[in-house]
Amino acid sequence: MNVWKRSLLSVRRKPIKSVLLLLIVFLIASFLLAGMASKNTSIAVQNKSRQAVGAAYRLEINEADRRKRLDDLEPVQYPNGAWGTPVPNNEFESLLMSDIEKIAAVEGIASYNVTTRTTLTRPVGFKRIEDSEKDQHMDFGGVNLYGNQDMQMDFNVRDENIRLLEGRFAQPEDKDTAVISSDLAALNSLKVGDSISFEPLDNEKAENWCTATIIGIFTIEHPIPSTMNGDTFRSENTIFTDLHLPEKAEGRTGDPCFKYATFYVENVEKYDAVKERIRQLDINWLRYDLIDNNGISEQMAENFNSLSYISNLLIVIVSVCSLLILFFVFAFWVKSRNHEIGILLALGKSKKSILFQFLLEAAIVGCVAIVFAGLASPVISGRMARYLVGEQHSQALEAQQMSEGLVMHSSNIDVGQDAVLGIAVSIEPQMLLLAGALTLTLIVCAVTLGSQLILRHKPIRILSEMS
Amino acid sequence: MKFYTRAFYYVTRKKSKTVLLLLIMTIAVSMLLSGLSILHNVQSQRQDIGEKSQTKLSISSGEAEGAITPKEVEQISALDNVAWVNRVSSVLVSPVDFELAPGTETPQKLEAKIYGYDDTEADGSFSAQLLRLQSGRHLDPESSYAVLLHHSLADANALSLGDTIAFKGLDGQAVTATIQGMYQLLSDAGSGNQRVPTAQRAENQIYATQDLIGALQRELKYEQLIAYLKTPEELQSTQQTLENLLGRHEVSAHDATFKRMQDTLMQVEKSAILLLVLTAVTAILALTLLLCMWTRERMREFALLLSLGNPVGKIYLQVVTELFLLFAGAVALALPAASCFLPLLSHMLLTGEFETGLEVQFSATEMFPVFLTGLLVLTAVALIALLPLASTNIKALLSHTD
Chain B
1 MNVWKRSLLS VRRKPIKSVL LLLIVFLIAS FLLAGMASKN TSIAVQNKSR QAVGAAYRLE
61 INEADRRKRL DDLEPVQYPN GAWGTPVPNN EFESLLMSDI EKIAAVEGIA SYNVTTRTTL
121 TRPVGFKRIE DSEKDQHMDF GGVNLYGNQD MQMDFNVRDE NIRLLEGRFA QPEDKDTAVI
181 SSDLAALNSL KVGDSISFEP LDNEKAENWC TATIIGIFTI EHPIPSTMNG DTFRSENTIF
241 TDLHLPEKAE GRTGDPCFKY ATFYVENVEK YDAVKERIRQ LDINWLRYDL IDNNGISEQM
301 AENFNSLSYI SNLLIVIVSV CSLLILFFVF AFWVKSRNHE IGILLALGKS KKSILFQFLL
361 EAAIVGCVAI VFAGLASPVI SGRMARYLVG EQHSQALEAQ QMSEGLVMHS SNIDVGQDAV
421 LGIAVSIEPQ MLLLAGALTL TLIVCAVTLG SQLILRHKPI RILSEMS
Chain W
1001 MKFYTRAFYY VTRKKSKTVL LLLIMTIAVS MLLSGLSILH NVQSQRQDIG EKSQTKLSIS
1061 SGEAEGAITP KEVEQISALD NVAWVNRVSS VLVSPVDFEL APGTETPQKL EAKIYGYDDT
1121 EADGSFSAQL LRLQSGRHLD PESSYAVLLH HSLADANALS LGDTIAFKGL DGQAVTATIQ
1181 GMYQLLSDAG SGNQRVPTAQ RAENQIYATQ DLIGALQREL KYEQLIAYLK TPEELQSTQQ
1241 TLENLLGRHE VSAHDATFKR MQDTLMQVEK SAILLLVLTA VTAILALTLL LCMWTRERMR
1301 EFALLLSLGN PVGKIYLQVV TELFLLFAGA VALALPAASC FLPLLSHMLL TGEFETGLEV
1361 QFSATEMFPV FLTGLLVLTA VALIALLPLA STNIKALLSH TD
């Protein structure tokens, strides 16, 4: 009987032992696969945590440069006798959109927002919220407008100072839109879809009105920060608009005043590299300050580095230990067959052929187990993703499972703007190959070593040892 | 021969098999202990991140309710979940040795508003990025009798960092402070000199430490208190506690950053737990299967013992005793191995950003359930492996070949 036939028969005729061994190899191969997938997932999750904290740059007008440019202008005398230099137009104190767009196009910038200066206007056709007990003669008697390119990225929205009750926030493509407070809406019986008008504060001729459509109503969770006092600046009278409405409301259409722009980094680990790229742009940097806006991110950098390091450590430990267990299990398996080895040697089989037979048996069991582990990998990754994502998304997860050959990709969809849980638990062919290769290598080493420990003795000694 | 004597002899006389089983069990237990230790580290990192996420509760006093008193501040600071508090107050003062930017009121009231903070960077107009520090440093709990001035006010009075300025409170008490920083205001409509009283002019807003404010007030009181939390997950319960404690004041929560991170932070911890669970399951199942193999090979031996009149129960106890002895040995080896091995391995894998390797963290309270679970698993394994003994007759067992 040749060695191939003997191996196959040995595996078939000891079904329970073979199945037990197969299960052990299947378990450890699956565990290795799960560990590798978990490591990638863990890295992705940690990156998402870093991204959730957010790191950004903020572009503002450089005050010293602004004053220098102002000093170059002719001073004028105000009615109260004081001398000063009026700003010629909004552009004088504004960020230039061409420069903003250059920065936004830099590789590594994920998104950006532009915010206008707080613009004071007088409400037309609607009343503002006023404190009746306050002396209003020093107040401007108006409301304040905040223009944003993407209102969702406004500081007050991100920090949850305001919360949308109805409608939506303005998007970059919106024109002449406004989001008002629920107090203002209630006072004037306004609702989403209605129009409101504004006029410049110094508008004596009742012209130059501008009209906006209400697209959203917000509620105030925390006071909107302001350095100015008075009812004009109170949170209830703050109106968020699209980017160009404020300039129209103050009668300066085409002359916007962008106060600051915030650029969010795609990958917080590349923060410094991206900043370096921005600095190399052909922009008059004397006009601007580029400020780091990564305070919390920086504080947490060490924590995230620790997490990354700990994840790697855990994977190394479990991989090494799993492989060691596999090694010793197969060594144990070989050790328990010393009686059989003795008989084969006594029958004249060479040590090489006995070793080859054991290797074949181990390889058959190992290969079948690895194939089963590969076939089970979609279930493994699905369960892992379900556990990580949570029960509330499990149905969406099931709907999303798909198979492409051996690549099983389970991920959940984004549920709502805040539930960014796009975790992919992928067991890729490379992982399967690596796990399979490691497993088989260990099995071969274990069987060879285990066999050598026995085969080095003479047959009579082997036969005389109890199994 | 007693079952435990037989068990001892078996373990000591089958050295190679005993050593192999012992090694496998030791590795499995070490794996679990390392996993536990790493899970602790992950949890403590997560907790640290949570604390740094600046989740806070803001307590504001309205005019009707009256200001927040120092006693209430103490009560709030003493709460378990409160890491630190930032007190906010304000007071009107007159300048002593410097001039304010004049307002448009008539008659002019040359008063400035001083805002008191424990930490100007954490809250207020600086954190809202309406103001930006141009030079010097922010006021923090270490600062004493220090102020931040608008750069225009400093320039107009030829003041620079480190200089001192003096104020007078409404009751005439004079206080001197050191200029610790200068800030600028982002240019805004209405921040110029149109219809703004002196006290409200942006240039005249001064930020000061709380000790300075306290020296200028008749009695200590605060307009706002911001309590930073250690554990953001307990935000709601802490908010409830504060609302019960300070019924007359409004308590609101700020946890936007933590909310954005919450799900992913939970997943970070879940990843570690998942791996630990997988480790435990794999170790237990692999051991179970191996022990099944081990006991199956000894069926002939057990059949012989049965035929010699030993009851099944005694054989079961013998096997369980052998397993317990091996397990005890494995735990005794795994504990020092994990304690030495883990820091060494972590040190070898250092990325260069850490000075020391990972510390092993598992307590006796955690070890006990692990040990108990191990014993229960082994007991169950022995039962499963020895089931054929109870169901098959001795003749069939004796004729069973390896």
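First to last, the sequence lines map onto chains B and W. First residue of the first sequence: 1, per my numbering; consecutive thereafter. First residue of the second sequence: 1001, per my numbering; consecutive thereafter. Glycine residues also receive a C-beta, built at the ideal position from the N, C-alpha and C atoms.
Can you check whether the C-beta of residue i is within less than 8 Å of a C-beta belonging to chain B?
i       : result
E1250/W : no
S1061/W : no
I1027/W : yes
V1268/W : yes
S1339/W : no
K1052/W : yes
S1058/W : yes
V1085/W : no
Using the C-alpha atoms, what's the distance from residue j back to residue i?
i       : j       : result
W4/B    : E1322/W : 38 Å
I317/B  : S306/B  : 16 Å
E1269/W : L1278/W : 14 Å
G1352/W : V274/B  : The predicted model places G1352/W with a pLDDT of 48, which falls under 50 and marks its position as unreliable; any figure quoted below should be read in that light. Whole-angstrom Cα-Cα distance: 24 Å.
K102/B  : E250/B  : 28 Å
L1212/W : G1116/W : 8 Å
K259/B  : S30/B   : 56 Å
I1059/W : H1254/W : 11 Å
A82/B   : P75/B   : 10 Å
K1221/W : K1071/W : 10 Å
Y271/B  : Y57/B   : 9 Å
V1319/W : K352/B  : 36 Å
T1238/W : G1247/W : 14 Å
Y1207/W : L313/B  : 47 Å
S410/B  : A376/B  : Confidence at S410/B is low in this model, with a pLDDT of 37, below 50, so its placement is unreliable and the value that follows should be read with caution. Cα-Cα distance, rounded: 13 Å.
P123/B  : E1142/W : 47 Å
N113/B  : S1077/W : 38 Å
F1302/W : F328/B  : 25 Å
I541/B  : D194/B  : Outside the modelled stretch of chain B, which goes from 1 to 467, sits residue 541/B, for which no answer is possible.
For chain W, is any of its Cβ atoms less than 8 Å away from the one on residue i?
i      : result
L421/B : With a pLDDT of 43 at L421/B, under the threshold of 50, the predicted position of this residue should be treated as unreliable, though the coordinate-derived value follows. Output row for L421/B: interface = yes.
G35/B  : yes
I16/B  : yes
D65/B  : no
D159/B : yes
Y387/B : yes
Less than 8 Å between the C-beta atoms of residue i and residue j, yes or no?
i       : j       : result
R1137/W : G1181/W : yes
L1161/W : S1135/W : yes
V11/B   : V365/B  : yes
V1073/W : V1085/W : yes
V1088/W : Q1217/W : no
C257/B  : T116/B  : yes
I1407/W : L1389/W : Any answer about residue 1407/W is impossible in this case: the structure gives chain W only from 1001 up to 1402.
I354/B  : L360/B  : no
E221/B  : W209/B  : no
A212/B  : I224/B  : no
A1385/W : R1300/W : no
Have a look at the options and flag the residue whose alpha-carbon is nearest the alpha-carbon of residue i.
i       : options                           : result
I443/B  : A331/B, M384/B, A37/B and K134/B  : A331/B
S182/B  : C445/B, R128/B and G142/B         : R128/B
C445/B  : F358/B, P378/B, I380/B and L433/B : F358/B
L73/B   : L355/B, D65/B and N80/B           : D65/B
L472/B  : F263/B, G450/B and R69/B          : Beyond the ends of chain B as shown, which are 1 and 467, falls residue 472/B; an answer cannot be given.
G374/B  : I343/B, V268/B, L434/B and D272/B : L434/B
A1286/W : V1381/W, I1038/W and D1123/W      : V1381/W
D1097/W : L1185/W, V1370/W and A1158/W      : A1158/W
L1100/W : V1281/W, L1274/W and A1156/W      : A1156/W
V245/B  : A170/B, A363/B, R6/B and A437/B   : The question names Val, but residue 245/B in the sequence shown is Leu. The option with the nearest alpha carbon to L245/B is A170/B.
R234/B  : D159/B, E60/B and F140/B          : F140/B
F218/B  : M151/B, G125/B and V371/B         : M151/B
Less than 7 Å between the CB of residue i and some heavy atom of the ligand NAD, yes or no?
i       : result
D1211/W : Summarising the ligand content, the structure contains no ligands, and the ligand NAD is consequently not present.
Review point. Which residue spans inside the segment 186-255 of chain B form an unbroken alpha helix (DSSP H) run of at least 4?
Key: 245-249
Check your understanding: What residue ranges within the segment 1025-1091 of chain W form continuous beta strand (DSSP E) runs of no fewer than 3 residues, ordered along the chain?
Key -> Whole beta strand (DSSP E) segments, 3+ residues: 1056-1060.
Review point. What alpha helix (DSSP H) runs, 4 residues minimum, are completely inside the segment 18-77 of chain B?
Key: 63-71
Check your understanding: Which ranges would you report for the beta strand (DSSP E) in the segment 1239-1270 of chain W if only whole runs of at least 3 residues count?
Key -> Complete beta strand (DSSP E) runs here, min 3: 1250-1254.
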